[in-house]
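Novice: The structure under discussion is supplied below as structure tokens; questions concerning it will follow.
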Amino acid sequence: MQDFDLIETPENVELRQPLAGIGTRFLAGLIDNLLIGSVMLVVAALAGLASYGTITDIVETGNWANAWLLAVLLVILFLVYWGYFVFFELYTNGQSPGKKHMKIRVVKEGGGAITFTDVMIRNLLRGVDAIGGYFVAGACMFISRKVQRLGDLAAGTVIVSENTTDYTAMRATAGRITWDQPITPEAMEATGLTPQEYGAVMSYWWRRPELTVEARRRVLPKLLRPIVRRVGVTLPGDSLESLESFVFTTYIRLAAGGQAPEEVRPEVAPIDVHPAAAADSASANPTLADAAPAEAAPVDPAPAKPDLAEPGPADAPAADAPKEPGSEPGPAENAP
Amino acid sequence: MTPARFIETRKNAWARLDALVRQAGRRGTAGLSSAELHELMRLYPGVAVDVARARMYGIDTRTQERINALAVAAHGLLYRRPSSRPGHAIWRFVMFDYPALFRRLLPYVALAITLFVVTGLGCYFTVRLKPSLAYRFVPEAVDMVDNNPGLSSDDMIERFRAMPNAPLAAGVITNNISVAFFAFALGITMGLGTCYVILMNAMMLAGFAAHFVNNDLGFQFYSCITAHGVLEIMAILIAAGAGLRLGMSVAVPGRISRVASLRAGAKDAVLLVLGTLPMFVVAGIAEGFITPSHLPGEMKIVFGVVLGFTAIAYLLLAGRMRRA
Numbered sequence: 000m001q002d003f004d005l006i007e008t009p010e011n012v013e014l015r016q017p018l019a020g021i022g023t024r025f026l027a028g029l030i031d032n033l034l035i036g037s038v039m040l041v042v043a044a045l046a047g048l049a050s051y052g053t054i055t056d057i058v059e060t061g062n063w064a065n066a067w068l069l070a071v072l073l074v075i076l077f078l079v080y081w082g083y084f085v086f087f088e089l090y091t092n093g094q095s096p097g098k099k100h101m102k103i104r105v106v107k108e109g110g111g112a113i114t115f116t117d118v119m120i121r122n123l124l125r126g127v128d129a130i131g132g133y134f135v136a137g138a139c140m141f142i143s144r145k146v147q148r149l150g151d152l153a154a155g156t157v158i159v160s161e162n163t164t165d166y167t168a169m170r171a172t173a174g175r176i177t178w179d180q181p182i183t184p185e186a187m188e189a190t191g192l193t194p195q196e197y198g199a200v201m202s203y204w205w206r207r208p209e210l211t212v213e214a215r216r217r218v219l220p221k222l223l224r225p226i227v228r229r230v231g232v233t234l235p236g237d238s239l240e241s242l243e244s245f246v247f248t249t250y251i252r253l254a255a256g257g258q259a260p261e262e263v264r265p266e267v268a269p270i271d272v273h274p275a276a277a278a279d280s281a282s283a284n285p286t287l288a289d290a291a292p293a294e295a296a297p298v299d300p301a302p303a304k305p306d307l308a309e310p311g312p313a314d315a316p317a318a319d320a321p322k323e324p325g326s327e328p329g330p331a332e333n334a335p
Numbered sequence: 000m001t002p003a004r005f006i007e008t009r010k011n012a013w014a015r016l017d018a019l020v021r022q023a024g025r026r027g028t029a030g031l032s033s034a035e036l037h038e039l040m041r042l043y044p045g046v047a048v049d050v051a052r053a054r055m056y057g058i059d060t061r062t063q064e065r066i067n068a069l070a071v072a073a074h075g076l077l078y079r080r081p082s083s084r085p086g087h088a089i090w091r092f093v094m095f096d097y098p099a100l101f102r103r104l105l106p107y108v109a110l111a112i113t114l115f116v117v118t119g120l121g122c123y124f125t126v127r128l129k130p131s132l133a134y135r136f137v138p139e140a141v142d143m144v145d146n147n148p149g150l151s152s153d154d155m156i157e158r159f160r161a162m163p164n165a166p167l168a169a170g171v172i173t174n175n176i177s178v179a180f181f182a183f184a185l186g187i188t189m190g191l192g193t194c195y196v197i198l199m200n201a202m203m204l205a206g207f208a209a210h211f212v213n214n215d216l217g218f219q220f221y222s223c224i225t226a227h228g229v230l231e232i233m234a235i236l237i238a239a240g241a242g243l244r245l246g247m248s249v250a251v252p253g254r255i256s257r258v259a260s261l262r263a264g265a266k267d268a269v270l271l272v273l274g275t276l277p278m279f280v281v282a283g284i285a286e287g288f289i290t291p292s293h294l295p296g297e298m299k300i301v302f303g304v305v306l307g308f309t310a311i312a313y314l315l316l317a318g319r320m321r322r323a
């Protein structure tokens with residue numbers, strides 16, 4: 000489950016920033032430290048060359064150019080060691096190269112950009128966090144509520160993941176439904192779904208590529224059951240394949256304005272379904288055939304014309320549905 | 000309004016704000032023209048409210064996430080602290096804010112000084128009364144004295160002359176600043192780590208001094224360390240005071256939460272330690288250029304003492320005029 004940092008805006012709206020996990024931060028740190036290490040190695044080698052056999056020579060012959068070069072190299076060594084993170088976090092607004100690569104960023108807890116003082120605090124305390132190969136930092140992040148190391152706690156900073164905040168990464172996988180092309184009211188009406196049901200179905204479709212076949216097989220029937228009961232549609236069967244194909248033709252393509260090209264279709268077929276596993280789950284799970292439309296029909300007097308304007312309490316089961324995929328142990332992050 | 004209607008009416012605003020945020024990119028608001036900036040300010044509050052409305056209408060979670068992400072991005076652009084000119088900020092800090100901060104946190108620095116002096120005196124008199132203990136405290140000093148019979152202050156200073164002035168100063172400055180940073184950072188262990196740094200330094204200095212005095216080399220010793228040592232020890236003790244401030248905020252948070260207390264303490268403490276940097280630079284230059292020089296020992300001692308008093312005067316007096 001992803002953790003969030005909440006931003007209270009002056010508009011009284013809560014915005015949510017997803018926090019970066021320990022693993023991501025560790026990898027970012029690894030990249031940064033490798034960079035620091037290699038730069039320092041080069042500078043130290045140069046310093047070694049500048050001083051090799053010449054320390055006494057310099058004193059005796061007065062080779063001051065060499066002496067000053069050595070002094071400058073020593074200062075550079077210091078600046079790289081203590082200043083690397085400070086420099087990058089200040090001038091790229093919270094992203095050292097490693098963090099940039101891992102798509103994470105330092106921000107002020109509760110929103111806002113970090114200040115000079117914040118950057119100094121979190122990076123001077125890095126020395127303590129780094130004890131035992133960042134063991135202290137790891138333990139602290141494990142305990143703290145917002146995945147903060149000591150430096151973060153003291154500076155009041157959090158590391159947010161921009162994997163999801165970077166909305167260019169949120170490419171639609173379901174046909175042509177993108178940001179620039181939200182669902183038209185007509186298309187929505189054509190699907191015959193309530194907004195909650197629609198949201199549930201769409202969420203499933205967005206996340207489908209990230210879910211395992213098992214997870215999909217478990218979730219989709221649960222998701223469709225209330226819809227079947229209310230709308231009274233007939234499902235083509237109860238295999239994952241046929242259900243997904245039904246969802247695609249009935250809802251997804253319509254939502255895309257009926258223009259989704261056929262080429263998107265092949266994606267629908269579930270990959271690598273082991274026949275035995277499929278048969279297993281089919282018999283183990285209560286199938287949709289049991290929740291037949293026949294018994295569901297009387298529940299809703301006008302199944303064909305769902306009232307879009309008033310999502311009443313009758314829709315409660317459907318509103319719960321979107322939460323189902325989230326509770327699955329499937330991959331939580333977005334696919335890159 | 001239906002959710003579909005909601006999306007329909009708002010999608011242009013989202014697309015436009017999205018375009019503006021993208022255009023601003025990493026340059027921030029500097030990447031926008033004045034008209035675009037106004038547009039951003041006009042669009043953002045509406046989109047922030049859309050986040051809540053999208054939740055209310057229960058539209059699909061991906062679109063919700065995207066509106067949220069858009070609002071976060073715009074919020075980050077707008078509520079960024081204005082950056083002042085760094086040169087001006089540093090000048091203000093050095094001339095006014097830092098001495099004032101120092102005076103406010105003087106109790107912590109005084110605590111560090113007390114720890115240092117008490118330990119130092121204890122160690123000094125122990126070694127004076129029982130010279131053999133020097134072998135435990137400061138084997139290096141024993142080495143230096145015992146292997147060089149008839150040590151003069153010039154002999155001792157030769158050690159400083161083994162390295163050219165500039166790299167010596169650079170090495171000393173960077174090393175001392177690192178020590179100061181650690182003295183500060185270790186404060187987060189409720190001050191224990193900082194105390195360790197203070198005690199180690201006190202024992203080292205006092206042990207050296209006592210052993211040299213035991214061997215009638217007191218003047219040689221002081222003429223060798225005073226030029227840079229006074230200011231250096233002062234700066235280290237101020238950094239240690241910063242560490243104690245940090246430690247105290249963790250150990251004794253008072254009526255606020257421990258994390259909130261730590262945050263307030265860290266803000267004070269990090270500035271206190273950053274203000275020592277100029278002192279370390281001056282002390283390092285003194286160690287690189289005055290200490291190894293051929294000036295008479297008395298002059299070096301006077302130089303060091305004057306340097307120390309100048310620093311004290313700066314810390315206690317600078318910036319007072321402003322308030323009056």
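Protein sequence lines, in the order shown, are assigned to chains A and B. If you count by numbering that gives the first Met the number 0, then the first sequence holds residues 0 to 335, one letter each, in order. If you count by numbering that gives the first Met the number 0, then the second sequence holds residues 0 to 323, one letter each, in order. Backbone N, C-alpha and C fix where the C-beta goes; we use that ideal spot for every residue, glycine too. Bear in mind the structure is a predicted one, so any value in this text is a computation, not a measurement.
For N11/B, count the other beta carbons within 10 Å of its own beta carbon; 16 or more makes it buried, fewer makes it exposed. Which is it?
Specialist: exposed
Novice: Going by beta-carbon coordinates alone, are V157/A and V85/A separated by less than 8 Å?
Specialist: no
Novice: Jot down the residue ranges of each uninterrupted alpha helix (DSSP H) in the stretch 84 to 131 of chain B, minimum 4 residues, whole runs only, in chain order.
Specialist: Entirely contained in the stretch 84 to 131 of chain B, the alpha helix (DSSP H) runs reaching 4 residues are, in chain order, 85 to 91, 97 to 103 and 105 to 128.
Novice: Please report whether the beta-carbon of Y197/A lies at a distance below 8 Å from any beta-carbon of chain B.
Specialist: yes
Novice: Run through chain B and tell me which residues come within less than 7 Å of G155/A, C-beta to C-beta.
Specialist: Within chain B, R262 have C-beta atoms less than 7 Å from the C-beta of G155/A, given in sequence order.
Novice: Entirely within the stretch 146 to 187 of chain B and at least 3 residues each: give me those beta strand (DSSP E) ranges in chain order.
Specialist: none
Novice: Quick one, which of A182/B, I284/B, P130/B and T309/B has its alpha-carbon nearest A208/B's?
Specialist: P130/B
Novice: In angstroms, rounded to a whole number, what distance separates the CA positions of N122/A and W81/A?
Specialist: Approximately 8 Å, taken between the alpha carbons.
Novice: Quick one, which residues of the stretch 93 to 123 of chain A are near chain B if we go by CB-CB under 7 Å, in chain order?
Specialist: G110, G111, A112, T114, T116, M119, I120 and L123
Novice: Does S340/A come within less than 8 Å of chain B when only Cβ atoms are used?
Specialist: Summary: the structure shown does not reach residue 340/A, with chain A confined to residues 0 through 335, and so no result is reported for it.
Novice: Using the three-state DSSP reduction, which class does D91/A fall into: helix, strand or coil?
Specialist: Per the sequence shown, residue 91/A should be read as Thr rather than Asp. Note: T91/A maps to coil in three-state DSSP.
Novice: Counting Cβ pairs closer than 8 Å, one from the stretch 285 to 295 of chain B and one from the stretch 254 to 271 of chain B, do we hit at least three?
Specialist: no
Novice: Would you mind stating whether A184/B and L124/A have Cβ atoms separated by less than 8 Å?
Specialist: Going by C-beta atoms, A184/B is nearer than 8 Å to L124/A.
Novice: Which ranges would you report for the alpha helix (DSSP H) in the stretch 192 to 237 of chain A if only whole runs of at least 4 residues count?
Specialist: 194 to 206 and 212 to 230
Novice: Cβ closer than 8 Å: which chain B residues qualify as neighbours of V127/A?
Specialist: A184, L185, I187, T188 and G192
Novice: Below 8 Å between beta carbons: does that hold for F181/B and G36/A?
Specialist: Contact: no.
Novice: Based on Cα-Cα distance, which residue from V74/A, D31/A, A70/A and A112/A lies nearest to Y90/A?
Specialist: Among V74/A, D31/A, A70/A and A112/A, the Cα nearest to that of Y90/A is on A112/A.
Novice: To which residues of the same chain is V135/A closer than 7 Å at the C-beta, ignoring the five residues directly before and after it?
Specialist: Take V135/A, set aside five residues on each side of it, and the residues of its chain with a beta-carbon closer than 7 Å to its own are V127, D128 and L149, in chain order.
Novice: Would you grab the beta carbon distance between I21/A and H100/A for me? Rounded to a whole angstrom, and I think it's under 8 Å.
Specialist: Not really, about 17 Å apart at Cβ, beyond 8 Å.
Novice: According to DSSP, simplified to helix, strand and coil, what is L124/A?
Specialist: coil
Novice: Return the residue from the list C139/A, M119/A, R206/A and L18/A that minimises the CA-CA distance to E243/A.
Specialist: R206/A
Novice: Consult DSSP for R104/A and reduce its assignment to one of helix, strand or coil.
Specialist: strand
Novice: Three-state secondary structure (DSSP) at T1/B?
Specialist: coil
Novice: Taking a cut of 9 Å between CB atoms, which residues from the stretch 155 to 176 of chain B lie near chain A?
Specialist: R160, A161, M162, P163, N164, A165, P166, L167, A168, A169, G170, I172, T173, N174 and I176
Novice: For a test of the three-state rule: what should DSSP assign to P17/A, helix, strand or coil?
Specialist: strand
Novice: Measure the alpha-carbon distance for I6/A versus R65/B and round it to whole angstroms.
Specialist: Spanning the two alpha carbons is a distance of roughly 16 Å.
Novice: State the Cα-Cα distance for the pair G264/B and F115/A, rounded to the nearest angstrom.
Specialist: 16 Å
Novice: Given a threshold of 16 other Cβ atoms within 10 Å of its Cβ, counted over all protein chains shown, does D153/B qualify as buried or as exposed?
Specialist: exposed
Novice: For S244/A, does the three-state DSSP call read helix, strand or coil?
Specialist: helix
Novice: Return the CA-CA distance between L128/B and V212/B, expressed in angstroms with no decimal places.
Specialist: 11 Å
Novice: To the nearest whole angstrom, what separates the beta carbons of V50/B and L18/A, a pair I think is in contact under 8 Å?
Specialist: Not really, about 18 Å apart at Cβ, beyond 8 Å.
Novice: Give the interface partners of I158/A over in chain B, defined as CB-CB distance under 8 Å, in chain order.
Specialist: Those do not exist, as I158/A stays about 14 Å from chain B at its closest Cβ, beyond 8 Å.
Novice: Measure the CB-CB distance between T193/B and L243/B and report whether it falls below 8 Å.
Specialist: yes
Novice: So that I know if they touch, is there some Cβ in chain B lying closer than 8 Å to that of R207/A?
Specialist: no
Novice: How big is the Cα-Cα spacing for G228/B and Q94/A?
Specialist: 39 Å
Novice: Rounded to whole angstroms, what's the CA-CA distance from E108/A to D4/A? Just pull it up for me.
Specialist: 7 Å
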